[in-house]
């Protein structure tokens, strides 16, 4: 089982900046942000790009932190999620994956469809409207996360709900940042 | 009234609210998973302060990053301070600082300027 070099080359050739699978805890969030920040610094990435990526990562990680559920599949830690960051063809890509109850899919899907259908100015207006009008929840989330991610990225969100069984799917979410 | 001073951490900003001078500063990063926990004492202090505010209150915001979960609380601070405007001879000003080249933070300043009804200046932090 000594495939270190193969694995190393694979990650190198795919320009993988960071890859993590597991439960997203507060400590893991800090660690992932540190690693991403250090690697972007080491690559001498521009401040504005670094900030965009950092901001998007914060929202994605905290979404996973707040919304993954345990006990969705027998004998599996369904709080375990995936986060992958890589660089490809002038774009930084952030991919996340987590289990989700099928019954929770429709509102998320609708929101993503709406976000993707809006222009930059429409997204800004929607963001301001929600910022100004929604109540603060105990979790603090104001349903602004995905809109903010889309605004920062300036690109369309790619997503998919991969069906696992009649009650659970795997939610795949990808956002890009142009270098 | 006592000032409110909270040291910055990797996830939460430095708070330096001076009741005597009326200068309220927020500096750094605000990316806690639980913004409610961090901002509750901050909002409580504001509730007390607006009962007997300084003649001139300036809130200076120097944020490097903040998450959407903090964004509502930052707006809530501004909304609470809005009440000062209705008191005779009391003034309130928001100063939103952004680093040169940080257009995003300037845009975010515009978002807040648009939704608050207070004198609001967006300033380059040289």
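Protein chains in written order, with our numbering: chain R, 1 to 179; chain Z, 180 to 305. Glycine included, C-beta positions come from ideal geometry on N, C-alpha and C.
DSSP three-state label for residue 114(R), please.
In this structure, residue 114(R) counts as helix in the three-state DSSP scheme.
Check for me: the alpha helix (DSSP H) holding residue 145(R) runs from which residue to which?
Where residue 145(R) is concerned, the enclosing alpha helix (DSSP H) stretches over 145 to 153.
On the criterion of 16 or more Cβ atoms from any shown chain inside 10 Å, does residue 2(R) qualify as buried, or is it exposed?
Flag for residue 2(R) reads exposed.
May I ask you to report which of helix, strand or coil DSSP gives residue 2(R)?
Three-state DSSP puts residue 2(R) in coil, outside helix and strand.
So, are the CB atoms of residue 93(R) and residue 176(R) less than 7 Å apart?
Yes, the Cβ-Cβ distance between residue 93(R) and residue 176(R) is below 7 Å.
What residues in the segment 226 to 253 of chain Z have a beta carbon less than 9 Å from any beta carbon of chain R?
Residues 243, 244, 245, 246, 247, 248, 249, 250, 251 and 252.
Would you mind giving the Cβ-Cβ distance between residue 263(Z) and residue 222(Z), rounded to the nearest angstrom? I have them listed as a contact below 8 Å.
Not confirmed; about 15 Å, so no contact.
Under 8 Å by Cβ, that's how I've got residue 73(R) and residue 169(R) pegged, so tell me the actual separation to the nearest angstrom.
About 11 Å; that fails the 8 Å criterion.
Taking Cβ to Cβ, would you say residue 271(Z) is nearer than 7 Å to residue 236(Z)?
For residue 271(Z) and residue 236(Z), yes; Cβs fall inside 7 Å.
Measure from the C-beta of residue 148(R) to each C-beta in chain Z and report whether the shortest distance is under 7 Å.
By this cut-off, residue 148(R) is an interface position.
Compare the C-alpha of residue 19(R) against each of 13(R), 85(R), 49(R) and 150(R) and name the closest.
The shortest C-alpha separation from residue 19(R) is found at 85(R).
Closer than 7 Å by C-beta to residue 105(R): which residues in its own chain qualify, once you throw out the five before and the five after it? Chain order, please.
These residues qualify, in order along the chain: 161 and 169.
I think residue 21(R) touches residue 80(R), with their Cβ atoms under 8 Å apart; what is that distance to the nearest whole Å?
That pair is a contact at about 6 Å.
Could you name the residues of the segment 50 to 74 of chain R whose beta carbon sits closer than 8 Å to any beta carbon of chain Z, in the order they occur along the chain?
Those residues of the segment 50 to 74 of chain R that come within reach of chain Z (Cβ to Cβ, closer than 8 Å) are 51, 52, 54, 55, 58, 59, 62, 65 and 66.
Classify residue 52(R): buried if its beta carbon has 16 or more other beta carbons within 10 angstroms, exposed otherwise.
By the neighbour-count rule (16 or more Cβ atoms within 10 Å), residue 52(R) is buried.
Any chance the segment 242 to 257 of chain Z sits against the segment 40 to 59 of chain R, with 3 or more Cβ pairs inside 8 Å?
The segment 242 to 257 of chain Z is in contact with the segment 40 to 59 of chain R.
Can a CB atom of chain R be found closer than 7 Å to the CB of residue 294(Z)?
Chain R, which has a Cβ nearer than 7 Å to the Cβ of residue 294(Z), makes this yes.
How many Å lie between residue 254(Z) and residue 297(Z) at the Cα?
Their backbone Cα atoms lie some 12 Å apart in a straight line.
Does DSSP classify residue 267(Z) as helix, strand or coil?
Note: residue 267(Z) maps to coil in three-state DSSP.
Could you check the C-alpha separation between residue 29(R) and residue 267(Z) for me, to the nearest Å?
Spanning the two alpha carbons is a distance of roughly 47 Å.
Name, going along the chain, the residues of the segment 12 to 44 of chain R whose beta-carbon falls closer than 9 Å to a beta-carbon of chain Z.
Listed by position along the chain: 26, 29, 30, 33 and 34.
Looking at chain Z, which residues of the segment 114 to 128 of chain R have a Cβ within less than 8 Å of any of its Cβ atoms?
So the list reads 124, 127 and 128, given in the order they occur along the chain.
So, is the C-beta of residue 290(Z) closer than 7 Å to a C-beta in chain R?
Taking Cβ atoms only, chain R reaches closer than 7 Å to residue 290(Z), which makes this a yes.
Is residue 134(R) helix, strand or coil when you go by DSSP?
Coil, per DSSP.
On the DSSP bridge assignment, give the partners of residue 174(R) in chain order.
95(R) and 158(R).
With distance defined between alpha-carbon atoms, name the residue in 112(R), 178(R), 166(R) and 145(R) nearest to residue 154(R).
It is 178(R).
Which bits of chain R does residue 189(Z) rub up against, with CB to CB less than 7 Å?
Neighbours of residue 189(Z) on chain R, chain order: 30.
Checking contacts by CB at 7 Å: is residue 212(Z) closer than that to chain R?
Yes, residue 212(Z) counts as interfacial toward chain R.
Between the Cα of residue 187(R) and those of 214(Z), 243(Z) and 274(Z), spot the shortest distance and give me the residue it belongs to.
What the structure shows of chain R is the stretch from 1 to 179, and residue 187(R) is not part of that stretch, so it cannot be assessed.
Which value, in whole angstroms, describes the spacing of the CA atoms of residue 308(Z) and residue 188(Z)?
The structure shown has nothing for residue 308(Z), since chain Z only spans 180 to 305.
Go ahead and pull the three-state DSSP assignment for residue 189(Z).
Three-state result, residue 189(Z): coil.
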